[in-house]
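Residue numbers (my numbering): 72 to 783.
Everything on this sheet refers to the single structure shown next.
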Ligand SMILES: *Cc1c(COP(=O)(O)O)cnc(C)c1O
């Protein structure tokens, strides 16, 4: 049905041929990430050999090709395991065979979801953070809802960077090669059996891109890759790194993603009903669509042709920060994209469409303005972000009041089966109706939680925290030894962290606006919290962009506190924040802290994940929290804007510590005769029941299908 089906079949058959017969059903499972949100998926692979599974980065293709034959034969002789494998394979097969949902999109005319990054699973290193993970969650949810969709992205050969922190707290970056031949993906071939390729004019080169296909359940994700022998070394480098620092290369990436993506879809015989540009990076696709419209209907005027393009395109903006909406000077644009501009027939129009004010030739051009001008529908990702985006982009719509700027919002949500794990998943599966996740967006689904005994909710919370604390301890000791810390500091982690202690998490991209520095602004109060009579423990994680020296210094300043009394055993910075680490942190933390400088948090999604694990939010009233907080389902810090950043920082840090000292810590320790903190558990219950239905990807994708993809 989709291009590359045959290539997948061949790869599955080749892999199956190397396996003992009882393990052969796993070959197909391995080439479709659907296993990663099946209840018994990861556990089944791990049961083959836990050590290899961990060493392979939970990549099933590597597990099945790199595990020694003797171990595979041992697994094949384990009848219980073989029965599990058969059940898993059948479950996924049945999932694949459900009929598609009918609506605007159909398998012949799917939604083409285009994005610079996709966070599907830790073993596929083509994501950096929230944007990509949201994109991955959308593909997974589309598969669950049987909404016809294909993904379009780039296959980064070295992905995003990995992080190491040295003894001074300074971040170092390194990149690892991702070999597509070892990833669960196949190269798409054309009808002649040769690799399917498209070309994209970049600078003076016609860059050739090949296409990989990764299956995310029923949704094929197509990834363009310029590492081809025909290309120059620069051409081959284009799809090398996600968020490459070199601006010219970034422009080349946008051309390959946008223009190349639309060309690849055409070459694969896919005619999307809707192009969903997720953030501005793929916006150049509109020029390819313009060319397609003109080729089909040569008589159209420019306005009519653009109108036809606009009818096919919807756009989601994610970034209320200038750095995320970057712009390029005329020379930069024409240097890399001059031939694309000329091919559009109107070089000046090409530049003008990316400007805030098209009539100002001195203004630089960017992808967000282009996408807003050439899409029929645009949306922000939370209610408050909608308002911020309308204000920010008002100049693009002269004569309209802020409220009249045509940007609506669809608040983000998270894919429940991906982010709900461990004891809390067991609890919800016990108490909610069978198959409840399909109806996660319905408040009724969560209603049975009202009757769950407080002691049972608390037991699940404590079990989840204990799993996390075990992980923190192991990682902290390992990281400290590797950094070359003194032995007493490394072993302080072993004796320090406590599975029963209030555990507070802060993990996210270390952009300055996320304000991790507030934690260190009042060091005496932070140290008192970890060292007091009722100590808390902190866990931090996050990567700073390699060029963001200010964000790196924030971590270094936090590290100056590490030898203060009590800190070594009660605070840890875990390196290399990624999907697997995020999954464990959000499942285990009691309190999830978010301190964005309002109004710069478009939505934020890690807090929604932590809700599923029974975590309570302590957050600035910005992004999703501004519409989620009801006074009883978490804690809030003022979300007002303030141009005096220093004053705002002191005020918000003060509120943060006030809340922790006067509300969070006392409530955690206020126990009944059985040791259950009743008020705490009631807040958890309310948090799950109010946020659970509203911030699931199920609700989000249904909204996209009904309000954004459907033409009204
Ligand atoms: C969810 C997630 C994010 C995004 O979290 P925010 O709350 O938007 O900061 C970033 N990185 C990883 C690894 C995640 O899982």
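Beta carbons are placed, not taken as given, at the ideal position from N, Cα and C, and that holds for glycine.
Since we're looking at a predicted model, the values are computed, not measured.
Just checking residue i against ligand 1 - is the residue's beta carbon closer than 7 Å to any of the ligand's heavy atoms?
i           : result
residue 767 : no
residue 680 : yes
residue 579 : yes
residue 653 : yes
residue 775 : no
residue 677 : yes
residue 413 : no
residue 200 : yes
residue 277 : no
residue 209 : no
residue 649 : yes
residue 197 : no
residue 204 : yes
When you compare each of the options to residue i by their alpha carbons, which one comes out closest?
i           : options            : result
residue 411 : 465, 429, 287, 272 : 272
residue 311 : 269, 196, 635, 268 : 196
residue 99  : 145, 148, 164      : 164
residue 131 : 116, 121, 142      : 116
residue 759 : 679, 109, 114      : 679
residue 263 : 396, 369, 75, 409  : 75
residue 328 : 236, 226, 260      : 226
residue 517 : 739, 756, 616, 190 : 756
residue 259 : 80, 219, 144       : 80
residue 754 : 774, 708, 722, 700 : 700
residue 500 : 171, 528, 478      : 528
residue 303 : 294, 269, 315, 276 : 276
residue 321 : 741, 408, 451      : 408
residue 425 : 443, 637, 587      : 443
residue 358 : 405, 414, 307      : 414
residue 298 : 313, 281, 314, 289 : 281
residue 427 : 416, 464, 450      : 464
residue 510 : 522, 215, 338      : 215
residue 449 : 430, 364, 475      : 475
residue 596 : 726, 610, 83, 541  : 726
residue 440 : 451, 418, 398      : 398
residue 323 : 308, 337, 336      : 308
residue 564 : 177, 584, 574, 543 : 543
residue 129 : 145, 114, 435      : 114
residue 469 : 605, 429, 124, 508 : 429
residue 497 : 472, 523, 207      : 523
residue 508 : 133, 749, 489, 526 : 489
residue 534 : 492, 370, 235      : 492
residue 774 : 86, 218, 170, 148  : 218
Give me the Cβ distance between residue i and residue j, rounded to the nearest whole Å; I'm assuming they're in contact under 8 Å.
i           : j           : result
residue 221 : residue 291 : 5 Å
residue 453 : residue 480 : 6 Å
residue 571 : residue 608 : The pair is not a contact, with the Cβ atoms about 10 Å apart (cut-off 8 Å).
residue 674 : residue 695 : 5 Å
residue 331 : residue 404 : So it is not a contact: roughly 17 Å between Cβ atoms.
residue 109 : residue 162 : 6 Å
residue 391 : residue 670 : 6 Å
Examine chain B for any beta-carbon lying closer than 8 Å to the beta-carbon of residue i, and answer yes or no.
i           : result
residue 198 : Given the protein chain composition of this structure (a single chain), no chain B is represented.
The segment 124-141 / the segment 246-255 touching (three or more Cβ pairs under 8 Å): At 8 Å Cβ cutoff, the stretches touch.
Contact the segment 96-110 vs the segment 278-292: 3+ CB pairs below 8 Å: The segment 96-110 makes contact with the segment 278-292: 3 or more CB pairs, one atom from each, lie closer than 8 Å.
Hey, is the segment 373-382 in contact with the segment 746-765, meaning 3+ C-beta pairs nearer than 8 Å? Not touching, per the Cβ criterion.
Specify whether the segment 498-517 and the segment 194-209 touch according to this definition: at least 3 beta carbon pairs, one from each stretch, less than 8 Å apart. Result no; under three Cβ-Cβ pairs closer than 8 Å.
Do the segment 682-689 and the segment 654-671 meet, that is, are 3 or more Cβ pairs less than 8 Å apart? With three or more CB-CB distances shorter than 8 Å, the segment 682-689 counts as touching the segment 654-671.
Quick check: the segment 86-99 against the segment 346-356, are there 3 or more CB pairs under 8 Å? no
I'd like to know if the segment 556-570 and the segment 632-648 are in contact, where contact means that at least 3 CB-CB pairs between them fall below 8 Å. yes
Counting Cβ pairs closer than 8 Å, one from the segment 613-624 and one from the segment 230-246, do we hit at least three? At 8 Å Cβ cutoff, the stretches touch.
Segment contact flag, the segment 726-744 with the segment 176-188, C-beta cutoff 8 Å, min 3 pairs: no
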